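Novice:
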Amino acid sequence: MRTPFPATATFTGFNEPRRIEAEVFDLDVEGAIPKDLAGTFYRCGPDPRFAPRAGDDININGDGMVTMFRFEGGSVDFKSRYVRTEKYQLETAARRALFGVYRNPYTDDPSVAGKDRTTANTNVVFHANRLLALKEDGLPYELDPHTLETRGRFDYGGKLKSVTHTAHPKIDPTTGELISFGYEAAGLATLDMSLQHVDAGGQLIREEFFVAPYCSFQHDFAVSRDHIVFLLMPTTADDARMRAGGAHWAFETTRDVQIGIMRRDASVNDIRWYRAPAQGIGHVLNASSDGDRVSVDLFISERNQFPFIANSDGAPFDREKGTPRLTRWSFDLGSKSEAFDAKTLYPDFMEMPALDARYAMQNCRYGFCTLVDRTKPVDVSGTIGLGWNTIARVNLQTGALDRFYVGEKTTAQEPLFVPRSADSPEGDGYLLVVVTRFAGEMRSEILVLDAEHIEEGPIAKVRIPFRIRGAIHGNWVSNVVLQAAANS
Ligand code: V55
Ligand code: FE
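For the sequence shown, position 93 (counting from the first letter as 1) is numbered 135 according to the numbering used here, and the numbering increases by one without interruption.
(1) Is Ala4 near Leu473, with beta carbons less than 8 Å apart?
(2) Are there any heavy atoms of the ligand FE lying less than 7 Å away from the beta-carbon of Asp355, as far as the coordinates show?
(3) Look at the Cβ atom of Val166, then the Cβ atom of Leu181, and state whether they are nearer than 8 Å.
(4) Hey, is Thr164 close to the ligand V55, as in C-beta under 7 Å from one of its heavy atoms?
(5) Could you name the residues that DSSP lists as bridge partners for Gly87?
(6) Which same chain residues, not among the five before or five after Phe350, have their C-beta less than 6 Å away from its C-beta?
(7) Cα separation between Val271 and His169?
(8) Check whether the Cβ of Pro461 sits closer than 7 Å to any heavy atom of the ligand V55, and report yes or no.
(9) Kindly confirm or deny that the stretch 100–109 and the stretch 68–75 touch, where touching means at least three C-beta pairs closer than 8 Å.
(10) Quick check on this structure: which residue in Gln347, Gly376 and Pro48 has the alpha carbon closest to the alpha carbon of Arg367?
(11) With a cut-off of 8 Å on the beta carbons, I'd call Gln260 and Leu202 a contact; round off their distance for me.
(12) Contact between the stretch 487–507 and the stretch 111–125 is defined here as three or more beta-carbon pairs at a separation below 8 Å; is this criterion met?
(13) Locate the beta strand (DSSP E) running through Asp374, then write down its first and last residues.
(14) What does the Cβ neighbour count give for Gln321, buried or exposed, with the cut at 16 atoms within 10 Å?
(15) Return the Cβ separation of Glu250 and Ser309 in integer angstroms, given the expectation that the two are a contact with Cβ distance under 8 Å.
(16) Are the C-beta of Tyr183 and some C-beta of chain C separated by less than 8 Å?
(17) Tell me whether Lys177 counts as near the ligand V55, meaning its Cβ is closer than 7 Å to at least one heavy atom of that ligand.
(18) Using a threshold of 8 Å, state whether the C-beta atoms of Asn437 and Thr452 are closer than that.
(19) Going by DSSP, name the residue or residues bridged to Ile301.
(20) Look at the Cβ atom of Phe391, then the Cβ atom of Val414, and state whether they are nearer than 8 Å.
(21) Three or more beta-carbon pairs under 8 Å between the stretch 266–283 and the stretch 293–310, yes or no?
(22) Closer than 7 Å to a non-hydrogen atom of the ligand V55 - does that hold for the CB of Ile303?
(23) Just verifying my parser: in three-state terms, what is the DSSP assignment at Lys129?
(24) Grouping DSSP H, G and I as helix and E and B as strand, with all else coil, what is Ala49?
(25) Could you give the distance in angstroms between the alpha-carbon of Pro389 and the alpha-carbon of Ile323?
(26) Can you name the residues that DSSP bridges to His515?
(27) CB of His495 to nearest heavy atom of the ligand FE: below 7 Å?
(28) With Asn328 as the anchor, note down where its beta strand (DSSP E) starts and where it stops.
(29) Is it true that the CB of Pro215 sits closer than 8 Å to the CB of Ala402?
(30) What span of residues does the beta strand (DSSP E) with Gln238 cover, start to end?
(31) Taking 7 Å as the line, does the beta carbon of His207 fall inside it for any heavy atom of the ligand FE?
(32) Could you please give me the residues that DSSP links to Lys121 through a beta bridge?
(33) Measuring only from the beta carbon, is Pro88 closer than 7 Å to any heavy atom that is part of the ligand V55?
(34) Do you know offhand how far Phe382's Cα is from Phe373's?
(35) Could you tell me which residues DSSP puts in a beta bridge with Ala393?
(36) Which value, in whole angstroms, describes the spacing of the CA atoms of Gly97 and Tyr148?
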């Protein structure tokens, strides 16, 4: 007999698990989708399949669901599929949850000891003709980019030795290479880290291991044309706590942030470590290098930014101190100091950055983010997230911020920038934003905005004829790239 989902915030309202694998041909569109918008918007997020073993769960522990929206000639087709992870298959056979608490295998059913726990629920990235569903606690799963069928767990033909792979690898727009890393790379709560270079042809050409100063929640990292930056915040794992059935992570206010920087053409033995007092590190917008100077634009909060991660000193979650702000960290590799400069670029509550991917790893002008505008209604009822009621475009060169308020009882998900054409100027193109509308039938829509005039509102809205759950991250693959992949 199936156990119903508990009536907790993770499983009710807009967060009710949907579990819908669907194909919808030719979605309804209001307005006109530009004909030059030709490609696929892939996104990935958690959608739990079974009631949790522990009675309740945190949102990011749900099974990975990949959705795709294929844009062509002004039309959009939809498809959704679960990633067939090992966890998915074992739990399908048992018709119940066998895996327990987020990243805590000690809470699993004994029958799945040693099995792959990853849900592949965080991001979906296309590189070298491969579509990979990613979560930082495990290896990628490869998917068919047209059917979304799972091809299986992916380890570069047995070459990758790390047992983890970040959900935020970086693709160099100039060389086509993919740079990735894993932490807890030798297993649960280990200090081992792995740096991975994949060439434009999809070969793993280098993997180097090193030891981190402590076991940190390294959700993202930064790569510029010349440097790689590892970002350790004092949200740490503890094996004893996990053995007692507790959480993987807790935030330690007494431990420093540590930042490791190396040249891309050097070895991990050359990593130089910098320090700053405890603070929260969120997503990276971009990074650039100028000789010995490295600059990283990223979201920083005074303290732990996640309400579902406890403070090790027992202090309750602090919304104000957990507010992420776009910050520029500057490092001088020529100086001997462990210190670095930090400058808050915008006072606003923002996160979920996107950029024009052609300008990754170099000085860029524009960033696109979600924003909480507290002068407007902030409605978080029944959904995950923080009430992102606004989409922002920041101009990093002038300090300007343009915004579009997405409406009452609505929240925005991570924006996605699509250039108008392969050679259009930076920021000339479209912004795709999935919004979730809580009121009425609780449907979702994709807003298509002119990225240079977001304040004017959408030029088209794509209707999804049922509620889909919030996703985490997504990416765009143009038809040109997908067709080249199909012909190769
Ligand atoms: C995040 C999401 C995750 C995760 C760790 O958004 C961090 C941050 C969807 O899973 O496992
Ligand atoms: Fe992320």
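By construction, the Cβ of each residue, glycine as well, lies at the ideal position given by its N, Cα and C atoms. Please read all numbers here as calculations on a predicted model, not as lab measurements.
Specialist: Based on what the coordinates show:
(1) With the chain covering 43 to 530 only, the question about residue 4 has no answer from this structure.
(2) Asp355: no, Cβ never under 7 Å from the ligand FE.
(3) The Cβ atoms of Val166 and Leu181 lie no closer than 8 Å to each other.
(4) Thr164 has its Cβ nearer than 7 Å to a heavy atom of the ligand V55.
(5) BP columns for Gly87 point to Met107.
(6) Within the same chain, Phe350 has close Cβ partners Ile100.
(7) The alpha-carbon atoms of Val271 and His169 are separated by roughly 21 Å.
(8) For the ligand V55, not one heavy atom lies less than 7 Å from the Cβ of Pro461.
(9) Counting Cβ pairs under 8 Å, fewer than three are found: no touch.
(10) Answer by Cα proximity: Gln347.
(11) Contact doesn't hold; Cβ gap of about 17 Å is too wide.
(12) The count of Cβ pairs closer than 8 Å, one atom from the stretch 487–507 and one from the stretch 111–125, reaches three, so the stretches are in contact.
(13) Per DSSP, the unbroken beta strand (DSSP E) holding Asp374 starts and ends at Arg367 to Asp374.
(14) It counts as buried.
(15) Between Ser309 and Glu250 the Cβ distance is about 6 Å, and since that is below 8 Å, they are a contact.
(16) Absent here is chain C; the protein component of the structure consists of one chain.
(17) The ligand V55 approaches Lys177 closely enough that one of its heavy atoms is under 7 Å from the residue's Cβ.
(18) Not a contact, by the Cβ cut-off of 8 Å.
(19) Its beta-bridge partners are Leu273 and Tyr316.
(20) The answer is yes: Cβ separation under 8 Å.
(21) The stretch 266–283 is in contact with the stretch 293–310.
(22) Ile303: no, Cβ never under 7 Å from the ligand V55.
(23) Of the three classes helix, strand and coil, the one that applies to Lys129 here is helix, per DSSP.
(24) Coil, per DSSP.
(25) C-alpha of Pro389 to C-alpha of Ile323: approximately 16 Å in a straight line.
(26) Beta-bridge pairing links His515 to Cys86.
(27) It does not: the Cβ of His495 is nowhere closer than 7 Å to a heavy atom of the ligand FE.
(28) Counting along the chain, the beta strand (DSSP E) containing Asn328 begins and ends at Gly322 to Asp332.
(29) It is a contact, given that the beta carbons lie within the stated cut-off.
(30) Run containing Gln238: Asp234 to Val240, per the beta strand (DSSP E) assignment.
(31) Outside the cutoff, so no.
(32) Bridge partners of Lys121: Glu65 and Met110.
(33) Checking the Cβ of Pro88 against the ligand V55 gives yes.
(34) If you take the alpha carbons of Phe382 and Phe373, they lie about 5 Å apart.
(35) Inspection of the sequence shows that residue 393 is occupied by Glu rather than by Ala. For Glu393, which the question treats as bridged, DSSP gives the partners Thr412.
(36) Rounded to whole angstroms, Gly97 to Tyr148 spans 16 Å at the Cα level.
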